[in-house]
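Undergrad: The structure follows.
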Amino acid sequence: MRGVICSISYESDRGSGTVAGAMLILVVGVMLSVVAAAGHLLVCQRRAQAVADVVAVSAANALRNGSDDPCVIARVTASANEVRLRTCVVDAEDVQVTTIVPTQVPFAAQVSRSARAGPVDCE
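Shown next as structure tokens:
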């Protein structure tokens with residue numbers, strides 16, 4: 013009788029390691045996907061900021077050199093860097109821009125960053 017109980021107990025555990033292994037693989041896969049998505053968003057944010065800085069400096073330089081519409085230069089520079097220009101505002105001698113970078117993450121389709129450039133007052 014004792015042998016029957018032990019064999020029933022072992023029979024009910026059969027296959028549980030496979031299920032636990034499959035769940036572990038699933039959890040690791042989800043965690044890797046989240047880390048990859050976060051890394052991609054971080055790269056897109058850094059790219060948006062870097063291009064916003066370049067666009068703002070180029071537009072401010074165009075304004076300083078007498079351009080009537082430095083935002084045209086900003087659009088061309090953003091386009092050359094494969095980034096969209098959301099806003100371009102000229103405020104006296106400063107230019108403020110906002111760039112948009114598309115992502116491949118479903119819950120965050122795009123990221124945007126702003127930059128401001130212009131001459132610095134010398135004291």
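In terms of the numbering used here, the sequence shown opens at residue 13 and continues consecutively.
By construction, the Cβ of each residue, glycine as well, lies at the ideal position given by its N, Cα and C atoms.
Please read these numbers as outputs of a predicted model, since none were measured by experiment.
Verify whether the separation of the beta carbon atoms of Cys56 and Thr115 is less than 8 Å.
TA: Taking 8 Å as the Cβ cut-off, Cys56 and Thr115 qualify as a contacting pair.
Undergrad: What whole-angstrom Cβ distance do Val107 and Ala129 have, given they're in contact under 8 Å?
TA: 6 Å
Undergrad: Along the chain, where does the beta strand (DSSP E) that runs through Asp103 open and close?
TA: Arg96 to Asp103
Undergrad: With the cut-off set at 8 Å, would you say Val67 and Ala86 are in Cβ contact?
TA: yes
Undergrad: Could you tell me whether the segment 58-78 touches the segment 118-128, where touching means 3 or more Cβ pairs closer than 8 Å?
TA: yes
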